[in-house]
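Peer 1: Encoded as structure tokens, here's the structure I'll be asking about.
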């Protein structure tokens, strides 16, 4: 797996059920389910400069975190408000291809581990967002079936509606994005040519009223832990992905089901594989939570109370989430303050003054003065049963707007959110 891959992308497969390659082949031979797919970054080949790419990624992350924190702050059982801010689809990072209907028509949709619903824009479209392909027309598909109000899928919605005995869904994404339409069953196709699979009776939202931005996609594919997500509907216990940098044109990879396998060692380093279990947060059952226990910088375990990373049993706030829609990592205070102080004390470079509106506020003068040797501290995240030593390019980046060397982390007012850290091309940049 390339070093450009963000550490959480590498971590996620370690958290899921591991089987050897031989076992996977046997499972496929027995008819086991699985597919492989490629993912395209939402800004790929759009002509943006590195400075613009970084600014856009940070902006999306900030909006995404604000939405997740708003959800976490809800009173337990507030399903209506949860339905309004559950996911921020327009702030997704990666698009995957999916085929819908019979005959199959192909669309790109945002992959999101922080939500469940699969949906696409549909004709006739009363209000729709521009997309590069025609809207999906259910009247042209022989396998489309709308779902009744008493169907299990309809009852799984946060706030189901019923119109003429047909199940109607509505989702609101922040202040400006929304989707509403008919909940239906349809045949979907996923995967690359050699692993392509066709799956009947997948429940999805056929959106006739949509607003906001879909990043040149047609909708979204929820990979959350709920019953309406692709993971939940297919009953697959595992998936993994390897996400490349938002600065790289290289496509990312997704492995689902029987193809999401692990050998007993990491093929790239021959280091034994570590694993840590997911944690269930009853207040946010869709999200992927981890039990993070501490952080080390430069070989020193920072004095952070593990409770800083824990879920609040009273209201479900706090905790540590893995999220595919967030680029940089957000650490709860005082964890971020301790990490920042450690980097400032260990890096022998002048600290840059940053604006009050800057998300990245731990930046150093770069490049260093001539003939000055600079050692950057190692960052290790500690989890229940696993210690993850991050590659340097996964937590330090050169900000094109200032030229400064910045810590790719920011402070969070509630909980920690571990995204797919930027992993830009630092190898040449870090050579003085």
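Numbering (mature numbering (1 follows the signal peptide of the UniProt record, and there is no 0)), first residue to last: -24 to -1, 1 to 408. Idealized CB from N, CA, C, for every residue including glycine.
Suppose only complete runs of 3+ residues qualify. What are the beta strand (DSSP E) ranges in the region 132 to 162, listed by chain order?
Peer 2: 137 to 139, 142 to 149
Peer 1: Taking the runs of the beta strand (DSSP E) that are 3 residues or longer, which of them lie wholly in the region 231 to 317?
Peer 2: The qualifying runs are 264 to 266, 268 to 273, 296 to 298, 305 to 308.
Peer 1: So residue 193 and residue 20 are supposed to be a Cβ contact under 8 Å. How far apart are they, rounded?
Peer 2: The count along the chain shown starts at 1 and reaches residue 193 at position 217. The count along the chain shown starts at 1 and reaches residue 20 at position 44. Between residue 20 and residue 193 the Cβ distance is about 12 Å, and since that is not below 8 Å, they are no contact.
Peer 1: Can you check which of these residues, 82, 14, 385, 255, is closest to residue 110 by C-alpha distance?
Peer 2: Locating residue 110 in the chain shown gives position 134, where the first residue counts as 1. Ranking the options by Cα distance to residue 110, first place goes to 82.
Peer 1: With a threshold of 8 Å, are at least 3 pairs of Cβ atoms found where one atom belongs to the region 282 to 302 and the other to the region 376 to 393?
Peer 2: yes
Peer 1: Quick one: residues in its chain with C-beta nearer than 7 Å to the C-beta of residue 162, no 5 flanking neighbours on either side, listed in chain order?
Peer 2: As a position in the chain shown, residue 162 is number 186, starting the count at 1. Setting aside the 5 residues that flank it on each side, residue 162 is surrounded in the same chain by 76, 77, 117, 119, 120, 178, 180, each with a C-beta closer than 7 Å to its C-beta; the list follows chain order.
Peer 1: For the pair the region 201 to 211 and the region 259 to 268, tell me if three or more CB-CB distances fall below 8 Å.
Peer 2: yes
Peer 1: Quick check: the Cα distance between residue 272 and residue 169, rounded to an integer number of angstroms?
Peer 2: For the purposes of this step, residue 272 is taken as residue 296 along the chain shown, with counting starting at 1. For the purposes of this step, residue 169 is taken as residue 193 along the chain shown, with counting starting at 1. Taking the Cα positions, residue 272 is about 43 Å away from residue 169.
Peer 1: Using 10 angstroms around the beta-carbon of residue 102, count the other beta-carbons present and answer buried if the total reaches 16, otherwise exposed.
Peer 2: Counted from its first residue, the chain shown places residue 102 at position 126. When all chains shown are included, residue 102 counts as exposed.
Peer 1: Please report the straight-line C-alpha distance between residue 134 and residue 234, rounded to a whole angstrom.
Peer 2: For the purposes of this step, residue 134 is identified with residue 158 of the chain shown, where counting begins at 1. For the purposes of this step, residue 234 is identified with residue 258 of the chain shown, where counting begins at 1. Cα to Cα, the separation comes out at about 30 Å.
Peer 1: Specify, as a first and last residue, the run of the beta strand (DSSP E) that residue 374 falls within.
Peer 2: Position 398 of the chain shown, counted from the first residue, corresponds to residue 374. First-last of the beta strand (DSSP E) with residue 374: 372 to 374.
Peer 1: Let me check one thing: in DSSP terms, what residues is residue 82 bridge-paired to?
Peer 2: The residue labelled residue 82 in the question sits at position 106 within the chain shown. The partner list for residue 82 (beta bridge, DSSP) reads 75.
Peer 1: Count the other CB atoms within 10 Å of the CB of residue 379; is the residue buried (16 or more) or exposed (fewer)?
Peer 2: Sequence index remark: in the chain shown, residue 379 carries index 403 (1-based). Residue 379 is exposed by the Cβ-count criterion.
Peer 1: With residue 10 as the anchor, note down where its beta strand (DSSP E) starts and where it stops.
Peer 2: For this step, residue 10 is matched to residue 34 along the chain shown. Secondary structure note for residue 10: its beta strand (DSSP E) is the uninterrupted segment 10 to 17.
Peer 1: Look at residue 360 and residue 252 and say whether their C-beta atoms are less than 7 Å apart.
Peer 2: Taking the first residue of the chain shown as position 1, residue 360 is located at position 384. Taking the first residue of the chain shown as position 1, residue 252 is located at position 276. With contacts defined as CB atoms closer than 7 Å, residue 360 and residue 252 qualify as a contacting pair.
Peer 1: For residue 105 versus residue 184, is the C-beta spacing smaller than 7 Å?
Peer 2: Residue numbering aside, residue 105 sits at position 129 when the chain shown is read from its first letter. Residue numbering aside, residue 184 sits at position 208 when the chain shown is read from its first letter. Taking 7 Å as the Cβ cut-off, residue 105 and residue 184 do not qualify as a contacting pair.
Peer 1: For residue 95, which beta-bridge partners are listed by DSSP?
Peer 2: Start at 1 with the first residue of the chain shown, and residue 95 comes out as number 119. The partner list for residue 95 (beta bridge, DSSP) reads 181, 196.
Peer 1: According to DSSP, is residue 88 part of a helix, a strand, or is it coil?
Peer 2: Within the chain shown, residue 88 is the residue found at index 112, counting from 1. If DSSP states are grouped into helix, strand and coil, residue 88 belongs with the strands.
Peer 1: What is the rounded straight-line gap between the Cα of residue 385 and the Cα of residue 312?
Peer 2: On the chain shown, position 409 is the one that residue 385 refers to. On the chain shown, position 336 is the one that residue 312 refers to. Going from the Cα of residue 385 to the Cα of residue 312 covers about 8 Å.
Peer 1: Return the Cβ separation of residue 92 and residue 212 in integer angstroms, given the expectation that the two are a contact with Cβ distance under 8 Å.
Peer 2: Working through the chain shown from its first residue, we reach residue 92 at position 116. Working through the chain shown from its first residue, we reach residue 212 at position 236. Contact flag wrong, Cβ pair sits at about 14 Å.
Peer 1: DSSP state of residue 321, grouped into three classes?
Peer 2: Against the chain shown, residue 321 aligns to sequence position 345. The DSSP-derived three-state label of residue 321 is helix.
Peer 1: Quick one: what's got a C-beta closer than 8 Å to residue 269's C-beta in the same chain, skipping five residues either side?
Peer 2: As a working note, residue 269 is residue 293 in the chain shown. Hits under 8 Å: 282, 285, 358, 359, 360.
Peer 1: Assign residue 316 to buried or exposed, taking buried as 16 or more other Cβ atoms, counted over all protein chains shown, within 10 Å of its Cβ.
Peer 2: As a position in the chain shown, residue 316 is number 340, starting the count at 1. Buried, by the Cβ-count rule.
Peer 1: If I'm right that residue 353 touches residue 292 with Cβ under 8 Å, what's the distance once you round it to whole angstroms?
Peer 2: In the chain shown, residue 353 corresponds to position 377, counting from 1. In the chain shown, residue 292 corresponds to position 316, counting from 1. At roughly 34 Å, the Cβ-Cβ gap does not stay under 8 Å, so residue 353 and residue 292 are not in contact.
Peer 1: Within this structure, are the beta carbons of residue 95 and residue 155 separated by less than 7 Å?
Peer 2: Here residue 95 refers to the residue found at position 119 of the chain shown. Here residue 155 refers to the residue found at position 179 of the chain shown. For residue 95 and residue 155, yes; Cβs fall inside 7 Å.
Peer 1: From residue 80 to residue 113, what distance separates their C-alpha atoms?
Peer 2: By one-based count along the chain shown, residue 80 stands at place 104. By one-based count along the chain shown, residue 113 stands at place 137. Their Cα atoms are separated by approximately 11 Å.
Peer 1: Count the other CB atoms, across all protein chains shown, that sit within 10 Å of the CB of residue 136; report buried if there are 16 or more and exposed otherwise.
Peer 2: To locate residue 136, count along the chain shown from 1; it is residue 160. Residue 136 comes out buried.
Peer 1: Return the CA-CA distance between residue 256 and residue 290, expressed in angstroms with no decimal places.
Peer 2: In the chain shown, the residue the question calls residue 256 occupies position 280. In the chain shown, the residue the question calls residue 290 occupies position 314. Cα-Cα distance, rounded: 14 Å.
Peer 1: May I have the straight-line CA-CA distance separating residue 128 from residue 90, to the nearest angstrom?
Peer 2: As a first step, residue 128 must be located in the chain shown, where it is residue number 152. As a first step, residue 90 must be located in the chain shown, where it is residue number 114. Going by the C-alpha atoms only, they are around 21 Å apart.
Peer 1: State the beta-bridge partners of residue 111 as determined by DSSP.
Peer 2: Position 135 of the chain shown holds residue 111. According to DSSP, which records beta bridges pairwise, residue 111 is partnered with nothing at all.
Peer 1: For residue 220, is the classification buried or exposed, using 16 other Cβ atoms within 10 angstroms of its Cβ as the cut-off for buried?
Peer 2: Position 244 of the chain shown, counted from the first residue, corresponds to residue 220. By the neighbour-count rule (16 or more Cβ atoms within 10 Å), residue 220 is buried.
Peer 1: Let me know if residue 348 comes out buried or exposed under the rule of 16 or more other beta-carbons within 10 Å of its beta-carbon.
Peer 2: Here the question's residue 348 lines up with position 372 in the chain shown. Exposed is the call here.
Peer 1: My assumption, with CB atoms under 8 Å, is that residue 215 sits in contact with residue 226. Please give the rounded CB distance.
Peer 2: Position 239 of the chain shown, counted from the first residue, corresponds to residue 215. Position 250 of the chain shown, counted from the first residue, corresponds to residue 226. Not really, about 20 Å apart at Cβ, beyond 8 Å.
Peer 1: Our contact map puts residue 157 next to residue 141 with C-beta atoms below 8 Å; I'd like the distance itself, whole angstroms only.
Peer 2: For the purposes of this step, residue 157 is taken as the residue at position 181 of the chain shown. For the purposes of this step, residue 141 is taken as the residue at position 165 of the chain shown. The distance from the Cβ of residue 157 to that of residue 141 is about 16 Å, inconsistent with a contact at the 8 Å cut-off.
Peer 1: Can you tell me whether DSSP reads residue 130 as helix, strand or coil?
Peer 2: By 1-based counting over the chain shown, the position of residue 130 is 154. DSSP places residue 130 in helix when its eight states are reduced to three.
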